[in-house]
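Right, one structure below, let's go through it.
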Amino acid sequence: MKLKDQFRFIRQNMKKNRMRVFMTILASAMSVAFLIVLASVAFGLHDTVIKDTIESPDVTQIEVAGKDTGNGNAESLTNENIAEIEALDGVNAVTRQKQIRQETRYVTDGYEINTQTIQSHFPSMENAGIELGEGAIPEAKDEVAVGYHFALNLMKDDVDPEKVEYGEDGHLLPEYRFTGDIIGQTFDLEFKRMEDGEEITETVPVTVTGVLEKPGREWAWDQKVYITDEKLAEIEGITGTSKAMLTDPANAEEDNGYDNAIVYADDLEAVKSVMTSLEEEGYFVYSIVSEMGQINTLFNIAKAGLIFIGTIAILIASIGIFNTMTMAVTERAPDIGIMKAIGASPKVIKRIFLLESTYIGLVGALIGIAVSYVISIGVNIALPMILEAAFEEELPAGLQFSSIPFSLVLIAVVICIAVTMLSGLRPAKRATEIDVLKAMRREV
Numbered sequence: 024m025k026l027k028d029q030f031r032f033i034r035q036n037m038k039k040n041r042m043r044v045f046m047t048i049l050a051s052a053m054s055v056a057f058l059i060v061l062a063s064v065a066f067g068l069h070d071t072v073i074k075d076t077i078e079s080p081d082v083t084q085i086e087v088a089g090k091d092t093g094n095g096n097a098e099s100l101t102n103e104n105i106a107e108i109e110a111l112d113g114v115n116a117v118t119r120q121k122q123i124r125q126e127t128r129y130v131t132d133g134y135e136i137n138t139q140t141i142q143s144h145f146p147s148m149e150n151a152g153i154e155l156g157e158g159a160i161p162e163a164k165d166e167v168a169v170g171y172h173f174a175l176n177l178m179k180d181d182v183d184p185e186k187v188e189y190g191e192d193g194h195l196l197p198e199y200r201f202t203g204d205i206i207g208q209t210f211d212l213e214f215k216r217m218e219d220g221e222e223i224t225e226t227v228p229v230t231v232t233g234v235l236e237k238p239g240r241e242w243a244w245d246q247k248v249y250i251t252d253e254k255l256a257e258i259e260g261i262t263g264t265s266k267a268m269l270t271d272p273a274n275a276e277e278d279n280g281y282d283n284a285i286v287y288a289d290d291l292e293a294v295k296s297v298m299t300s301l302e303e304e305g306y307f308v309y310s311i312v313s314e315m316g317q318i319n320t321l322f323n324i325a326k327a328g329l330i331f332i333g334t335i336a337i338l339i340a341s342i343g344i345f346n347t348m349t350m351a352v353t354e355r356a357p358d359i360g361i362m363k364a365i366g367a368s369p370k371v372i373k374r375i376f377l378l379e380s381t382y383i384g385l386v387g388a389l390i391g392i393a394v395s396y397v398i399s400i401g402v403n404i405a406l407p408m409i410l411e412a413a414f415e416e417e418l419p420a421g422l423q424f425s426s427i428p429f430s431l432v433l434i435a436v437v438i439c440i441a442v443t444m445l446s447g448l449r450p451a452k453r454a455t456e457i458d459v460l461k462a463m464r465r466e467v
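Sequential numbering of the sequence shown, starting at 24, is according to this note's numbering.
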C-alpha cells in the first residue's frame, strides 16, 4: 500500500466523522494557541528589556569605583590609574570626577540654590562624545556647566522655602524660580573653610557656559554644577584641604584621587574584554552589560515555566485525540480486517493510524499558530490602551507585551506533534491486534 493511498484512506475515514474530528482539531488548536500566547508574554517583555538595554547610551559604559588595595578595600583612582586604563585596547575615553566634600551654594541676582559641586575632566567628556543640551563645554577656569534640573530649581532668595509650591513634575512653579537664560549667567559660588575651629564663608565667581542634556531615565535628577580642574585647585588653595573638605587644614588627610571614573568602550563587543582586563588589574567595575546575563537567565526560566504550563494544556487536549483514535479503531475494525485479508502488514496499519493522529495534531497546531499571532497583535494594540486608561499613566515607548519568535512556534509544533503521536500510539497498536476472522464476521 503506497503512502499516497494511505493518506487517501485517512482523508476518507476522517470525512465520515467530521464533527468529531473537527472538535478534536479545535481542542489541539486551542491548546497550541494557549501555549504560544502564554509564553509570548515572557518573550515580548524579554525583547523589550534587551532592546532598551542595547539602545541605552550607558551600554558601552563601565563604572570604575576604585582599585583593590589587596585587603578587599578600594583606593581612589589616581592619574596613573587613569593613564593605565586609557591605554587598554577597546577603550575610547575615560571620564573622571572629584566631588567637593561640602554642600555649596550658588547665588545670582536674587536667586539661590544649594547643590553639589563636581570637578569634571571636560576634555575626556568631549572624547567620549558627551554633548551638552545647550551651550558649550567650559574651557576657562571660571566657566562651569550645570545639570539639566539646575535652573528649574534655582529659587528666589526672598521666598520662604516652606511656602514654595511645586508642579506635578517636582520642579518649582515659574513664579518661584529663575526663568531667564541660564547660559552666560554669573554666580557667586559660596563654600566654607575652617579657621581656628570656626567656619568662614568664601566666595568665588563662576559663569555658566553649558547645560547638560536631560538624564535618560525619568527618575534621574541632575542639578549639580560641574567645574574645571583649575577651579577646584583654586578652591582647594583657599580651604587648604583636598576636595575642599570642611576640616582643619592641619589635620586634613590628603585625598587627591578621583571619586569615580567611567570608561567608554569603543563598542558593545569591546565591553566584556575591557571589563575582564580591568578586573585582572584589580579594579572594581560595574557595567549594565554584566546584568544582561542575569536578565537572560531570569527570562529563560520564565519562558521554560510558561511553556511547561502550556504543554499541560496540550496533554489535556491529547485525551481527546486518544478517544477519537480509539473510536476510529473500533468503527473501522471491518476495514482493518479486509486490509489484513488482502495482505496489509501490521506495520502499515499502525502507520496509518499514527499518520491520522499526527495529521490531526499538525492541523490543530497550524490553526493554533495563526490564532496566536492574531491574539498577539491584538494584545500589543489593546492592552497598552487599556492599562493607560485604567491607571492614567503613559507606558514606556516601545513596550511589547507579546512576541512570537520562530523558535517558540517550532517548540509548540514539536510538542504538539510529539504528544499527538503518543496519543495515537496505543490505538494504532490496538488496530494491529484485531483478529481478521472476527472483523470479517462482524462485517458480514
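Every residue, glycine too, gets a C-beta built ideally from N, C-alpha and C. Here the structure is a predicted model, which is why all the values come from computation and not from measurement.
Under the rule that 16 or more other beta-carbon atoms within 10 Å means buried, what is R41, buried or exposed?
R41 should be labelled exposed.
Can you list, in chain order, the stretches of the beta strand (DSSP E) that have 3 or more residues and sit fully within the segment 68–106?
Taking only runs of at least 3 residues, the beta strand (DSSP E) segments lying wholly in the segment 68–106 are 84–91.
Euclidean distance between Cα positions of K295 and M315:
When rounded, the separation of the alpha-carbon atoms in K295 and M315 is 12 angstroms.
Which word fits T353, buried or exposed, when buried means at least 16 other C-beta atoms lie within 10 angstroms of its C-beta?
Under a 10 Å Cβ-count criterion, T353 is classified as exposed, with fewer than 16 other Cβ atoms of the shown protein chains found around its own Cβ.
Checking the sheet assignment: what are the DSSP bridge partners for N137?
DSSP lists R128 as the bridge partner or partners of N137.
Considering only the alpha carbon of each residue, which of A388, F424, I409, L422 lies closest to L433?
Taking only the C-alpha atoms, the option nearest L433 is A388.
What three-state label does DSSP hand I285 in the structure shown?
For I285, the secondary structure class from DSSP, reduced to helix, strand or coil, is strand.
DSSP-derived helix/strand/coil call for S143:
Shown here, S143 sits in a strand according to DSSP, grouped into three states.
Within a Cβ cutoff of 7 angstroms, which residues of the same chain sit near L177, ignoring the five residues on either side of it in sequence?
These residues qualify, in order along the chain: Y134, I136, R200, F201.
Under the DSSP definition of a beta bridge, which residues are partnered with P228?
Its beta-bridge partners are D211.
Quick check on E473: does DSSP put it in helix, strand or coil?
Any answer about residue 473 is impossible in this case: the structure gives the chain only from 24 up to 467.
Using the DSSP secondary-structure output, state which residues sit across from A159 in a beta bridge.
For A159, which the question treats as bridged, DSSP gives no partner whatsoever.
So, under 8 angstroms CB-CB, K121 and Q139 are touching, yes? Tell me the CB distance rounded to an integer number of Å.
Actually they do not touch by this definition, with Cβ atoms about 11 angstroms apart.
Select from T349, D271, L61 the residue whose C-alpha is nearest the C-alpha of I223.
Out of T349, D271, L61, D271 has the C-alpha closest to the C-alpha of I223.
May I ask you to report which of helix, strand or coil DSSP gives K247?
In this structure, K247 counts as coil in the three-state DSSP scheme.
Would you identify the three-state DSSP class for I438, choosing helix, strand or coil?
DSSP, read as helix, strand or coil, puts I438 in helix.
Using the rule of at least 16 other Cβ atoms within 10 Å of the residue's Cβ for burial, across every protein chain shown, is S430 buried or exposed?
Around the beta carbon of S430, fewer than 16 other beta carbons lie within 10 angstroms, which makes this residue exposed.
Mind reading off the beta-carbon distance from A325 to S54? Whole number of angstroms is fine, and I expect it under 8 angstroms.
Actually they do not touch by this definition, with Cβ atoms about 20 angstroms apart.
Sequence-distant residues of the same chain with beta carbon closer than 7 angstroms to N104, five excluded per side
The beta carbon of N104 lies closer than 7 angstroms to those of K90 in the same chain, with the five residues before and after it left out.
Which residue comes first and which comes last in the beta strand (DSSP E) that contains N403?
N403 -> not in any beta strand (DSSP E); alpha helix (DSSP H) instead, spanning 369–414.
When the Cα atoms are used, what is the spatial distance from V286 to V386?
So the two alpha carbons sit approximately 55 angstroms from each other.
I believe T118 touches A284 by the beta-carbon criterion, under 8 angstroms. Please report the beta-carbon distance rounded to the nearest angstrom.
With a Cβ gap of about 7 angstroms, T118 and A284 count as contacting.
Alpha carbon of H69 to alpha carbon of N319, nearest angstrom:
Going by the C-alpha atoms only, they are around 8 angstroms apart.
Determine whether the beta carbon atoms of F145 and I123 lie at a separation below 7 angstroms.
Between F145 and I123, the CB-CB gap reaches or exceeds 7 angstroms.
In terms of residues, what are the limits of the alpha helix (DSSP H) holding V169?
Unbroken run through V169 is the beta strand (DSSP E), 166–169; no alpha helix (DSSP H).
Considering V182, what are the terminal residues of the alpha helix (DSSP H) in which it resides?
It is not in any alpha helix (DSSP H) - V182 carries neither H nor E in the DSSP assignment.
Quick one: give me the first and last residue of the alpha helix (DSSP H) that A256 is part of.
Note, A256: alpha helix (DSSP H), 252–262.
Classify F322 as helix, strand or coil using the three-state DSSP reduction.
Three-state result, F322: helix.
Among S51, V44, E86, whose alpha-carbon lies nearest the alpha-carbon of I311?
When only C-alpha atoms are compared, the closest one is E86.
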